[in-house]
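The numbering of the sequence shown is the numbering used here, which starts it at 430 and goes up by one. Here the structure is laid out as structure tokens; the discussion comes afterwards.
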Amino acid sequence: MGEAAMDSIAWPPAWPRVLDAEFGAPPAGDYRARPEDFQVAEVLDFAPEGEGEHLWLHIEKRDLTTAMAVRELARLCEVSPRDVGYSGMKDRVAVTRQWLSVQLPGREAPAGLTEALAERGVRVLSEARHPRKLKRGVHRANRFRLRLSGAALEDPALEARWQRLVAQGVANYFGPQRFGPDGRNLLRARSLLARGWRKRDDRDGMLLSAARSFLFNEGLAERVRDGSWNRLLPGEVAILDGTASQFTLVAPDAELEARAARLDLHPSGVLWGVGRSVAEGEARALEARLAERYPSLCDGLERAGVRLGRRALRLRLGEPRLTRGEGELWLAFSLPRGAFATAVLRELIAHPTL
Numbered sequence: 430m431g432e433a434a435m436d437s438i439a440w441p442p443a444w445p446r447v448l449d450a451e452f453g454a455p456p457a458g459d460y461r462a463r464p465e466d467f468q469v470a471e472v473l474d475f476a477p478e479g480e481g482e483h484l485w486l487h488i489e490k491r492d493l494t495t496a497m498a499v500r501e502l503a504r505l506c507e508v509s510p511r512d513v514g515y516s517g518m519k520d521r522v523a524v525t526r527q528w529l530s531v532q533l534p535g536r537e538a539p540a541g542l543t544e545a546l547a548e549r550g551v552r553v554l555s556e557a558r559h560p561r562k563l564k565r566g567v568h569r570a571n572r573f574r575l576r577l578s579g580a581a582l583e584d585p586a587l588e589a590r591w592q593r594l595v596a597q598g599v600a601n602y603f604g605p606q607r608f609g610p611d612g613r614n615l616l617r618a619r620s621l622l623a624r625g626w627r628k629r630d631d632r633d634g635m636l637l638s639a640a641r642s643f644l645f646n647e648g649l650a651e652r653v654r655d656g657s658w659n660r661l662l663p664g665e666v667a668i669l670d671g672t673a674s675q676f677t678l679v680a681p682d683a684e685l686e687a688r689a690a691r692l693d694l695h696p697s698g699v700l701w702g703v704g705r706s707v708a709e710g711e712a713r714a715l716e717a718r719l720a721e722r723y724p725s726l727c728d729g730l731e732r733a734g735v736r737l738g739r740r741a742l743r744l745r746l747g748e749p750r751l752t753r754g755e756g757e758l759w760l761a762f763s764l765p766r767g768a769f770a771t772a773v774l775r776e777l778i779a780h781p782t783l
């Protein structure tokens, strides 16, 4: 798909699934009939120190976006939303647990804050003080517990699909929620980048993120189609599982290929921006094809000054578990920050939002 086709594309795009070649397209299913069917818990590697000018709250929210919870906390504490910190954005139609921080130098939290938040769907699980604001992206992972329903539960290959994902990993697509309803964030991003990105038009960088995520998904889709999404190509930039460590492989040897098969190493794709890619050979040629297909997106991101980055093409499922009950099925697993549970679900069920 080229840039001219974006205006009329059915959303989400038909980015290929990994398991279709072996099992065929998955049957229809549902995964969020009610908020309790989609449970997420944010995992931090540290705890608040117990003192400082920032009050940290471990919350559970239901049927609210993170932005809604942030605004409500800011209103009740009579501070600007900019004084409220969070690490990750969590889904609305879900029951999610995460940390928020609010800057309250020299004063206590307002009386009745916990009760007032509870009335608005935010339950405070614990609280503690900390010297610093909670920053974006500092959590290590998210734990998911998801209930599936529908015809997919009768699929005799469902457990085999799941076991294949556990064994070989999951294609690390950005989820459709990154692009907004019907991909409108991407269309807005293309328009903004064409005339020149300005922060006042995209204060939280949502549109920049949509453009970069789309380009990444397009590159990943090409590698799913040619079967190289889980293999190390000559010139590949490999990412060590569970870390940000990366290195370029001129010619992968048998040992490195074995590590990739064990999910210790993952091939990576480019997150477009300013800077020279360290990919070489075949991997670099894939990136060049992206620039040829989407020149205005790539050029616009570079003019906007966003820094080039990389993202693993594959995910390892942490602590995977499948449990069947009467007329229902629960999946449990953890994913590193920035990964989407929808990338897992689209391999198991067919749903309009996947």
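In this text, a Cβ means the ideal position worked out from N, Cα and C, and glycines have one as well.
- A residue is called buried when at least 16 other Cβ atoms come within 10 angstroms of its Cβ; V499 meets this threshold and is buried.
- With a contact defined as Cβ atoms closer than 8 Å, A667 and S697 qualify at about 7 Å.
- Close CB contacts of A547 within its chain, under the 8 Å cut and outside five residues either way in sequence, are with V553 (chain order).
- Close CB contacts of R652 within its chain, under the 6 Å cut and outside five residues either way in sequence, are with W658 (chain order).
- With respect to the C-alpha of L700, the residue from R750, Q675, R641 and A690 having the closest C-alpha is R641.
- Counting the other CB atoms within 10 Å of its CB gives E583 a total below 16, which places it among the exposed residues.
- Per DSSP, N646 is one residue of the alpha helix (DSSP H) stretching across M635 to R654.
- Beta-bridge partners assigned by DSSP to N571: E471 and L764.
- For L546, no beta strand (DSSP E) segment is defined; the enclosing uninterrupted segment is the alpha helix (DSSP H) at L542 to E548.
- Exposed is the label assigned to R691, since fewer than 16 other Cβ atoms lie within 10 Å of its Cβ.
- No Cβ-Cβ contact shorter than 9 Å links A714 with V469.
- Only residues of its own chain outside the window of five on either side were considered, and among them R736 and L737 have a CB closer than 8 Å to the CB of G704, listed in chain order.
- Note: R750 is bridge-paired with A761 in the DSSP secondary-structure output.
- Of the residues L587, E489 and L751, the one whose Cα lies closest to the Cα of L448 is L587.
- Contact annotation: R572 and V472 have beta-carbon atoms nearer than 9 Å.
- Per DSSP, the beta-bridge partners of Y515 are L529.
- Cβ-Cβ distances below 8 Å link S516 to E471, L473, Q527, W528, L563, K564, R565, G566, V567, H568 and R766 in the same chain, with the five nearest sequence neighbours on each side left out; the list follows chain order.
- Fully contained in the segment 589 to 631 are the following alpha helix (DSSP H) runs of length 4 or more, in chain order: 613 to 624.
- For F676, the secondary structure class from DSSP, reduced to helix, strand or coil, is strand.
- Of L616, G656, E647 and D655, the smallest CA-CA separation from L637 is found for L616.
- Per DSSP, the beta-bridge partners of E489 are R526 and R552.
- The Cβ neighbour count for V679, taken over all protein chains shown within 10 Å, is under 16; the residue is labelled exposed.
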